[in-house]
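In our numbering, the protein residues as written are 2 to 305. All C-beta atoms in this analysis are idealised placements derived from N, C-alpha and C, irrespective of residue type, glycine included. All values reported here derive from a predicted model rather than from experimental measurement. First up is the structure itself, then whatever we jot down about it.
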Amino acid sequence: MAAPALFIRHFLLICCLLLSAIVCLPAQAQTDTTITQTIQPQRWIVETKDGSVYQGIFLGQDENGIRLQTESAGTIIIPHNKVKSYRILDERNYRNGQYWYENPNASRYLFSPSAYSLRRGEAYYQNTYLVLNSFNYGVTDNFTIGGGFELISTFSGEPTFFFTPKYTFHIANKWRAGGGVLYLTSTLADDGFSGLGIGYGIVTYGNTDNNATVGLGYGFVDGSFSEKPIITLSGMTRLSRRIGLVSENWFVPSEDISGAIYSYGIRFMGERITVDLAFLNNPDIAESVTIGVPYVDFVIKFGK
Numbered sequence: 002m003a004a005p006a007l008f009i010r011h012f013l014l015i016c017c018l019l020l021s022a023i024v025c026l027p028a029q030a031q032t033d034t035t036i037t038q039t040i041q042p043q044r045w046i047v048e049t050k051d052g053s054v055y056q057g058i059f060l061g062q063d064e065n066g067i068r069l070q071t072e073s074a075g076t077i078i079i080p081h082n083k084v085k086s087y088r089i090l091d092e093r094n095y096r097n098g099q100y101w102y103e104n105p106n107a108s109r110y111l112f113s114p115s116a117y118s119l120r121r122g123e124a125y126y127q128n129t130y131l132v133l134n135s136f137n138y139g140v141t142d143n144f145t146i147g148g149g150f151e152l153i154s155t156f157s158g159e160p161t162f163f164f165t166p167k168y169t170f171h172i173a174n175k176w177r178a179g180g181g182v183l184y185l186t187s188t189l190a191d192d193g194f195s196g197l198g199i200g201y202g203i204v205t206y207g208n209t210d211n212n213a214t215v216g217l218g219y220g221f222v223d224g225s226f227s228e229k230p231i232i233t234l235s236g237m238t239r240l241s242r243r244i245g246l247v248s249e250n251w252f253v254p255s256e257d258i259s260g261a262i263y264s265y266g267i268r269f270m271g272e273r274i275t276v277d278l279a280f281l282n283n284p285d286i287a288e289s290v291t292i293g294v295p296y297v298d299f300v301i302k303f304g305k
C-alpha cells in the first residue's frame, strides 16, 4: 500500500507543478511584452551653446555627454558643458519620416486671436508693416497678456499703444473657447478721451495646425458700447512642414457689405518664426486693387 500511495503523492505533486507553470507562463509572457512595449526609442533634439542643433535617437548619457544616433553623422557624443538645452520629440509629430515641429503661431491668425493660448513662460514678438509692434506673454497655460505700440507716432512724441489680455479654456475634444479685450489709446487724444477698443468672445474648433474660429465682440469708445456686434470668422490650415494658409474676416456693422473686410494669405513657418504674406480686400478695395491691399507681418516666438 505504501508504494501506490507514494506514487499518487508524486503524481499529484507533478500535476501541481505543471499547472503552476502553465498559469505563470502567460503572465510572464504578458509582463515581458509589456516591458518590450513600454521601452521605446526616444528622439531627442539638442541645442549647443554655439547655436548648433543635433537631432537623433537617444542612446544614453554618462560623464562624457549625451549620445545620439543621427542619420547624417552616425553616433555622436555631445559633452554636457556644451549643451544649452534639449528636449524629447513627440513621435506623433513625424509624418513620412519627417519631423513636423509645432505650429509656432497657433494662437493668432493675422491680427485676431484663436482660442489657443501660449503656454506658461512662452512669449512672442509680432511686427506688422514694420511699424506696428506687439508683445505677448503666457502668464499661465490659459491666460496671455499682451500689448504694443505704433512706431511712427512714438517717434513723433505722441505714441499710440494698445493692450490685449486674453483668457482661453478647453471645452471638449477639439473645442476651445475664450475671451479678451483689445484696448487702444493715444497721448494725442483729448483729455476727455478714455480710449477705444473691443471686448470679444471666441470659439475655436480643430487642432493647432488646422482650425477655424468664430468671434463676436462689441466695440466701445469712451466707455460707450456699440449696439451691433462685430463678427469675425478666421481659419488656418497647414499644407506642409513649412507652409500654411490663413484667412481672417471681419464683419463690421454696416448698411452694406463694404463694412466687411476679408483676408487671405500664405504663412511660412520655421520652428520659432512665421511670416505672413496676405491681402486685405472687400468690394470697395477691389474696385481699385483687384487682389487687395498687401499685408505683411512676422512673428518670433520665445520661451519653451
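*Would you mind sorting residue 212 into buried or exposed? The rule is 16 or more other CB atoms within 10 Å of its CB.*
buried
*residue 302 versus residue 185 - alpha carbon distance*: 24 Å
_Distance check for residue 243 and residue 106, CA to CA, integer angstroms please._
12 Å
_In whole angstroms, give me the CA-to-CA distance for residue 131 and residue 74._
41 Å
*DSSP on residue 162, reduced to helix/strand/coil?*
strand
*Rounded to the nearest angstrom, how far is the Cβ of residue 183 from that of residue 163, given a contact under 8 Å?*
6 Å
*Segments of 3+ residues assigned as beta strand (DSSP E) that fall wholly inside the stretch 53 to 109*: 54 to 63, 66 to 71, 75 to 79 and 84 to 90
*asked:* So residue 140 and residue 121 are supposed to be a Cβ contact under 8 Å. How far apart are they, rounded?
replied: 7 Å
*What are the boundary residues of the alpha helix (DSSP H) that residue 154 is part of?*
152 to 156
*asked:* Three or more C-beta pairs under 8 Å: does that hold for the stretch 233 to 243 against the stretch 213 to 220?
replied: yes
*Within its chain, find whatever has a CB closer than 7 Å to the CB of residue 201; leave out the 5 residues flanking it on each side and keep chain order.*
180, 181, 216, 217 and 218
_Along the chain, where does the beta strand (DSSP E) containing residue 308 start, and where does it finish?_
The shown model of the chain, from 2 to 305, leaves out residue 308, and the question about it has no answer.
_Where the alpha helix (DSSP H) through residue 286 begins and ends_ = 284 to 289
*Between the beta-carbon of residue 254 and the beta-carbon of residue 225, is there less than 8 Å?*
no
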